[in-house]
Amino acid sequence: MLWVILAFGVALFDSLKNVLAKHTLKDVDEFVVAWSNSFFSAIFLIPILFLGLPEIKPMFYVGLVVSGSLNVAALTFFMKSIKSGDLSNTVPLTTISPLLLLITSPIIVGEFPSLQGIAGMILIVIGAYLLNIKKDIKDLFGPFKAIVKEKGPKYMLLVVLIWSVTANFDKIGVVNSSPLFYSFSVQLFIGITMLIFVLPKFKRNKTLYLKNQKAFLGIGLLSTLTIICHMIAISLTIVPYVISIKRTNSILSVIFGRIFFKEGYLRERLLAAILMFTGVLLITFS
Numbered sequence: 001m002l003w004v005i006l007a008f009g010v011a012l013f014d015s016l017k018n019v020l021a022k023h024t025l026k027d028v029d030e031f032v033v034a035w036s037n038s039f040f041s042a043i044f045l046i047p048i049l050f051l052g053l054p055e056i057k058p059m060f061y062v063g064l065v066v067s068g069s070l071n072v073a074a075l076t077f078f079m080k081s082i083k084s085g086d087l088s089n090t091v092p093l094t095t096i097s098p099l100l101l102l103i104t105s106p107i108i109v110g111e112f113p114s115l116q117g118i119a120g121m122i123l124i125v126i127g128a129y130l131l132n133i134k135k136d137i138k139d140l141f142g143p144f145k146a147i148v149k150e151k152g153p154k155y156m157l158l159v160v161l162i163w164s165v166t167a168n169f170d171k172i173g174v175v176n177s178s179p180l181f182y183s184f185s186v187q188l189f190i191g192i193t194m195l196i197f198v199l200p201k202f203k204r205n206k207t208l209y210l211k212n213q214k215a216f217l218g219i220g221l222l223s224t225l226t227i228i229c230h231m232i233a234i235s236l237t238i239v240p241y242v243i244s245i246k247r248t249n250s251i252l253s254v255i256f257g258r259i260f261f262k263e264g265y266l267r268e269r270l271l272a273a274i275l276m277f278t279g280v281l282l283i284t285f286s
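Counting in my numbering, the sequence shown runs from 1 upward without gaps.
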């Protein structure tokens with residue numbers, strides 16, 4: 001089953017990209033790292049244009065501009081999150097996105113979760129609790145407070161909130177063009193837009209950025225591989241299957257955080273990531 005391998009490829013390449021980004025963020029501004037993620041990804045995706053251009057309908061531009069603009073903020077907050085917090089207690093918080101949909105759907109469209117969906121919600125909440133638990137904890141609600149007080153988790157929550165909006169506009173963009181062409185377009189839009197913030201930084205410290213150009217290219221390449229694996233995988237099976245396997249990046253982030261950055265609380269955070277991943281599965285297939 002090729003799609004399974006590709007879906008795990010999405011999780012692996014995305015996790016490795018985050019490792020390289022966090023390493024680069026030790027020396028480089030988060031705006032520049034966020035820019036490299038999109039700009040070089042767009043460059044690497046240029047060959048897809050030779051496959052032929054799809055029919056581009058007017059609503060494509062709505063999806064592109066709205067999602068692209070919001071994702072400038074989302075990418076920047078994402079980099080701020082992994083820069084100021086551990087990979088192992090920030091990236092797994094991205095699994096909260098299905099939980100947000102189950103909360104907003106009854107309000108917006110009158111759709112209520114099943115018992116299985118509610119069980120998934122409970123597992124995600126428990127996982128989020130364990131993700132931020134400390135051994136010397138005295139306050140029962142301390143882990144939840146940490147999510148909104150500590151910079152890393154707080155920034156990641158902002159990312160998830162923005163993504164809950166952009167996902168809808170991404171769908172508009174894809175439906176009115178094609179998955180790969182839209183991916184290229186939105187990455188290029190973000191990369192060019194972020195030049196406003198990045199060019200002044202380049203001018204102030206050219207040496208630093210030239211020194212890290214291989215890292216920037218690596219981040220862009222891993223982002224490209226993530227996109228390509230994702231797009232091919234969803235062409236071979238239904239989207240929920242791919243997204244579910246993609247969420248194993250939360251487990252990989254805990255493992256890679258320990259291997260590459262010596263992050264602590266391995267058992268607690270690994271258990272938390274597994275619980276959150278299980279919760280996503282229950283919600284996805286409820």
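Where a beta carbon is used, it is the ideal one built from N, C-alpha and C, also for glycine.
A residue is called buried once 16 or more other Cβ atoms fall within 10 Å of its Cβ, and ALA128 is buried on that count. Contact between the segment 47-54 and the segment 207-217 is absent: fewer than 3 CB-CB pairs across the two stretches fall below 8 Å. Taking the Cα positions, PHE31 is about 33 Å away from THR278.
Contact between ASN212 and ASP29 does not hold, since their C-beta atoms are separated by about 11 Å, which reaches or exceeds 8 Å.
Pairing ILE147 with LEU161 gives a Cβ-Cβ distance that is not under 8 Å.
For MET1, the closest C-alpha among the options PHE202, ALA233, GLY120 and LEU180 is that of ALA233. Counting of Cβ neighbours within 10 angstroms places ILE96 among the buried residues, the total reaching 16 or more. When only Cα atoms are considered, SER177 and GLU268 end up about 43 Å apart. In the three-state scheme derived from DSSP, where H, G and I count as helix and E and B as strand, THR193 is classed as helix.
Assignment of ASN176 by DSSP, reduced to helix, strand and coil, places it in the coil class. 8 Å or more divides the Cβ of LEU225 from the Cβ of PHE40. DSSP, reduced to helix, strand and coil, places PRO58 outside both helices and strands of the structure shown, so it counts as coil. Per DSSP, reduced to three states, the secondary structure at LEU53 is coil, with no helix or strand assignment.
A direct Cα-to-Cα measurement between PHE256 and PHE8 gives close to 15 Å. The DSSP-derived three-state label of ILE274 is helix. Per DSSP, reduced to three states, the secondary structure at ASP170 is helical.
Using a Cβ-Cβ distance cut-off of 8 Å, the segment 74-89 and the segment 256-265 are in contact, since at least three pairs of beta carbons, one from each stretch, lie closer than that value.
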